[in-house]
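All remarks here apply to the structure that follows.
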C-alpha cells in the first residue's frame, strides 16, 4: 500500500487486493492518530466508476450531512454505526448489517462505538 495523505492509503487496483483482520487492526490503530479521526484503504482506481474503501471511523470524528451523485453502500465489519437520513430514518448498523443509500439522498454517518470499521462502495 502507498500512503497518499494523513489517514489515506491506496491499494494497487491493478492487482488482487486481499485485506484481512490485520488491515482492519492497522486502520483502527491509525484512525485515532489522524486529524479527522478516520483512516481508510482505497481499493479502487481514481477512474473507476465505483469507489470501494475499508474505513475505520472513530468516536469524535464528524461528517457533515451530505449526498453523493451515485448510490452508496455500507457494510459494517466491526463496531456500530448510525446513519441519519435527512428528514427521515435513523439507521443503527451492527456487524454484517448492510445499508444502501440512493444517489442524491442526504445522510450523515456517525460512529456509535469507540471505533467502527466499514466497507463503503
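Numbering (my numbering), first residue to last: 0 to 120.
Glycine included, every Cβ here is placed at the ideal spot set by N, Cα and C.
Keep in mind that this is a model prediction, so the values were computed, not measured.
Going by DSSP, name the residue or residues bridged to residue i.
i, result
"residue 55", "38 and 116"
"residue 65", "106"
"residue 9", "1 and 41"
"residue 72", "99"
"residue 84", "106"
"residue 77", "116"
Specify, as a first and last residue, the run of the alpha helix (DSSP H) that residue i falls within.
i, result
"residue 3", "Looking at the DSSP string, residue 3 is not in any alpha helix (DSSP H); the run it does join, the beta strand (DSSP E), is 1-4."
"residue 26", "20-29"
Would you mind stating whether residue i and residue j have Cβ atoms separated by less than 9 Å?
i, j, result
"residue 41", "residue 110", "no"
"residue 50", "residue 119", "yes"
"residue 74", "residue 106", "no"
"residue 55", "residue 115", "yes"
"residue 13", "residue 44", "yes"
"residue 34", "residue 5", "yes"
Report buried or exposed for residue i, applying the criterion of at least 16 other Cβ atoms within 10 angstroms of its Cβ.
i, result
"residue 89", "exposed"
"residue 117", "buried"
"residue 124", "Since the displayed the chain opens at 0 and closes at 120, residue 124 lies outside it and no answer follows."
"residue 80", "buried"
Is it the case that the CB of residue i approaches a heavy atom of the ligand ADP more closely than 8 Å?
i, result
"residue 37", "The model depicted lacks the ligand ADP and carries no ligand whatsoever."
Which first and last residues belong to the beta strand (DSSP E) in which residue i is found?
i, result
"residue 90", "89-92"
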